[in-house]
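One structure below.
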Amino acid sequence: MRLSVVVPVYNEEELIDSLCESIRSSLSAITDDYEVVIVDDGSQDSTLELLMKWHRQDNHFKILSLSRNFGHQAAYTAGLNHTKGDYVVMMDGDLQDPPELIAEMYVKLNSKNLDIVFGKRISRNEGFFKKIMIKLFHSIFSRMSNINAPVNVGNFCIMNRRALDSFIDLKEKNRYLPGLRYFIGFKQSYIEYERSARAAGKTKMGFGRLTTLAMNALFSFSNIPIRVCVYLGMIGVTFSLIAGGVVLYKKLTGDAISGWTSTLFSIYFFGSVQLLFLGIIGEYIYRIFVESQNRPIYIVREFHDD
Ligand code: UDP
Ligand code: MG
Numbered sequence: 003m004r005l006s007v008v009v010p011v012y013n014e015e016e017l018i019d020s021l022c023e024s025i026r027s028s029l030s031a032i033t034d035d036y037e038v039v040i041v042d043d044g045s046q047d048s049t050l051e052l053l054m055k056w057h058r059q060d061n062h063f064k065i066l067s068l069s070r071n072f073g074h075q076a077a078y079t080a081g082l083n084h085t086k087g088d089y090v091v092m093m094d095g096d097l098q099d100p101p102e103l104i105a106e107m108y109v110k111l112n113s114k115n116l117d118i119v120f121g122k123r124i125s126r127n128e129g130f131f132k133k134i135m136i137k138l139f140h141s142i143f144s145r146m147s148n149i150n151a152p153v154n155v156g157n158f159c160i161m162n163r164r165a166l167d168s169f170i171d172l173k174e175k176n177r178y179l180p181g182l183r184y185f186i187g188f189k190q191s192y193i194e195y196e197r198s199a200r201a202a203g204k205t206k207m208g209f210g211r212l213t214t215l216a217m218n219a220l221f222s223f224s225n226i227p228i229r230v231c232v233y234l235g236m237i238g239v240t241f242s243l244i245a246g247g248v249v250l251y252k253k254l255t256g257d258a259i260s261g262w263t264s265t266l267f268s269i270y271f272f273g274s275v276q277l278l279f280l281g282i283i284g285e286y287i288y289r290i291f292v293e294s295q296n297r298p299i300y301i302v303r304e305f306h307d308d
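Our numbering runs 2 ahead of the 1-based position in the sequence shown.
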């Protein structure tokens, strides 16, 4: 098998047909030796039936159906684990990642002897608020993460088998795939593209899910939150020592004032600082907890690959 394409979909009935159509025409221009592993991430609409129709018509299309909705990073992981190709493409199922670009990525990978080529978004067609939040995330992530990951990069990419093997060897549960992909190294490069708006349907990554993804990225690739905790703690201690000295001095020189304000202020201030940092520590502990439960990242219901 030469080329595999992994596409996660969740409740995308409006665009399955156009998706499959455009993947087929883009891929058959490159090779006939390809497979499309479409992961149905527990859709509740008719996505799965539509996919099965495609599978019956054209056995390039293989359908991996998960036992419930596991989220799109898990769905990608499931799909990647079921590919056989020498080259593997990761692509969103809403046509925001244009299949026409696969050929360009494939050529670049081979002509430059690279292992991974990912898509870098030069612009995106999305709501104003979402754009700002995404921009904010990428700038915080690039400053905070221990790895020097490129900005404006999502899942869309092609990689060869040796890169993929290392990639799927990473078994952590809190997954941020663009970060993990960067982590494995190899020879990587990118092509630039414009991220178009969704072809149809609504986003499946609402505010809550995007926040979870952003937290996973930040807390799994950075120790800065916990560092801030330590530094602020040290500053706090220094500050209280000085303040303590002043108070003691005033007491000894006999002009101590009974100040409600300062007392209350310090209770509020230090109380909230402590809560904040308990939260930060909690985030790390939660991640340790999830890893130690060692539950599977996804569960397969059926795989139609014949
Ligand atoms: N998706 C999925 N499982 C989910 C959420 C999303 O497989 O729980 C798929 C979705 O069908 C789409 C891709 O992941 O093909 C990206 O999702 P979406 O376009 O909703 O995210 P956005 O582009 O808005 O971040
Ligand atoms: Mg999308």
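Cβ atoms here follow ideal geometry from the backbone N, Cα and C, with glycine treated the same way.
Subject >> Range of the contiguous alpha helix (DSSP H) that encloses Met217 >> reply: Residue numbering aside, residue 217 sits at position 215 when the sequence shown is read from its first letter. That run of the alpha helix (DSSP H) goes 209-222.
Original post:
Rounded C-beta distance between Met3 and Asp43? I'm assuming under 8 Å.
Top reply: Reading the sequence shown from its first residue, position 1 is the one you call residue 3. Reading the sequence shown from its first residue, position 41 is the one you call residue 43. The C-beta distance from Met3 to Asp43 rounds to 23 Å, too long to meet the 8 Å contact threshold.
**OP:** List in chain order the residues whose CB is within less than 5 Å of at least one heavy atom of the ligand MG.
**Re:** With 5 Å as the limit, the residues whose C-beta approaches a heavy atom of the ligand MG more closely than that are Asp96, Gln98, in chain order.
Original post:
What is the DSSP secondary structure of Ile193, reduced to helix, strand or coil?
Top reply: As a position in the sequence shown, residue 193 is number 191, starting the count at 1. If DSSP states are grouped into helix, strand and coil, Ile193 belongs with the strands.
Subject >> Buried versus exposed call for Glu37 [16 or more other C-beta atoms within 10 Å across all chains shown] >> reply: Taking the first residue of the sequence shown as 1, we reach residue 37 at position 35. It counts as buried.
Subject >> Simplified DSSP state of Ser6, which is helix, strand or coil >> reply: Reading the sequence shown from its first residue, position 4 is the one you call residue 6. Of the three classes helix, strand and coil, the one that applies to Ser6 here is strand, per DSSP.
Subject >> Cβ-based burial, Gln59 [other Cβ within 10 Å; buried from 16] >> reply: Counting from 1 along the sequence shown, the entry for residue 59 is found at position 57. It counts as exposed.
**OP:** Check each candidate in Val9, Phe120, Met146 and name the one with the smallest Cα separation from Met161.
**Re:** On the sequence shown, residue 161 is found 159 positions in, with the first residue counted as 1. Closest by alpha carbon: Phe120.
Original post:
Got a sec: is the Cβ-Cβ distance from Glu16 to anything in chain C below 8 Å?
Top reply: The structure shown contains no chain C; it holds only a single protein chain.
**OP:** Return yes when the Cβ of Asp88 is within less than 8 Å of the Cβ of Phe188, no when it is not.
**Re:** Position 186 of the sequence shown, counting from 1, holds the residue named residue 188. Position 86 of the sequence shown, counting from 1, holds the residue named residue 88. No.
Original post:
By the 10 Å Cβ neighbour count, where 16 or more other Cβ atoms means buried, how is Arg177 classified, buried or exposed?
Top reply: Locating residue 177 in the sequence shown gives position 175, where the first residue counts as 1. By the neighbour-count rule (16 or more Cβ atoms within 10 Å), Arg177 is buried.
Subject >> Cβ-based neighbour list, Phe139, same chain, cut-off 7 Å, excluding 5 preceding and 5 following >> reply: For the purposes of this step, residue 139 is taken as the residue at position 137 of the sequence shown. When the five nearest sequence neighbours on each side are left out, the beta carbons in the same chain lying within less than 7 Å of the beta carbon of Phe139 are those of Ala216, in order along the chain.
Original post:
In whole angstroms, what separates the C-alpha of Asn225 from that of Asn148?
Top reply: Working through the sequence shown from its first residue, we reach residue 225 at position 223. Working through the sequence shown from its first residue, we reach residue 148 at position 146. Asn225 and Asn148: Cα-Cα distance of roughly 8 Å.
Subject >> Exposed unless 16 or more other CB atoms sit within 10 angstroms - verdict on Ser28 >> reply: Residue 28 sits at position 26 when you count from the first residue of the sequence shown. Buried is the call here.
**OP:** With DSSP as the reference, label Asn66 as helix, strand or coil.
**Re:** Counting from 1 along the sequence shown, the entry for residue 66 is found at position 64. It should be pointed out that residue 66 corresponds to Leu in this sequence rather than to Asn. Correct three-state label for Leu66: strand.
Subject >> Environment of Val232 [buried if 16+ CB atoms lie within 10 Å] >> reply: Numbered from 1 along the sequence shown, position 230 holds the residue referred to as residue 232. With fewer than 16 other Cβ atoms within 10 Å, it is exposed.
Subject >> Under the three-state DSSP convention, the category Ser147 falls into >> reply: Translated into the one-based positions of the sequence shown, residue 147 becomes position 145. The answer is coil: DSSP assigns Ser147 none of H, G, I, E or B.
Subject >> Closest by C-alpha distance to Ile32, when choosing among Val109, Glu128, Arg183 >> reply: As a position in the sequence shown, residue 32 is number 30, starting the count at 1. Out of Val109, Glu128, Arg183, Val109 has the C-alpha closest to the C-alpha of Ile32.
Original post:
Apart from the five residues on each side of it in sequence, which residues of its chain come closer than 7 Å, Cβ to Cβ, to Gly203?
Top reply: Within the sequence shown, numbered from 1, the residue matching residue 203 stands at position 201. Only Glu14, Glu16, Leu17, Asp96 meet the Cβ criterion.
Original post:
Just how far apart, CA to CA, sit Ser30 and Phe63?
Top reply: Numbered from 1 along the sequence shown, position 28 holds the residue referred to as residue 30. Numbered from 1 along the sequence shown, position 61 holds the residue referred to as residue 63. Answer to the nearest angstrom: the Cα atoms are 13 Å apart.
**OP:** Return yes when the Cβ of Ile40 is within less than 8 Å of the Cβ of Met54, no when it is not.
**Re:** The sequence position of residue 54 within the sequence shown is 52, counting from 1. The sequence position of residue 40 within the sequence shown is 38, counting from 1. A distance of 8 Å or more separates the beta carbons of Met54 and Ile40.
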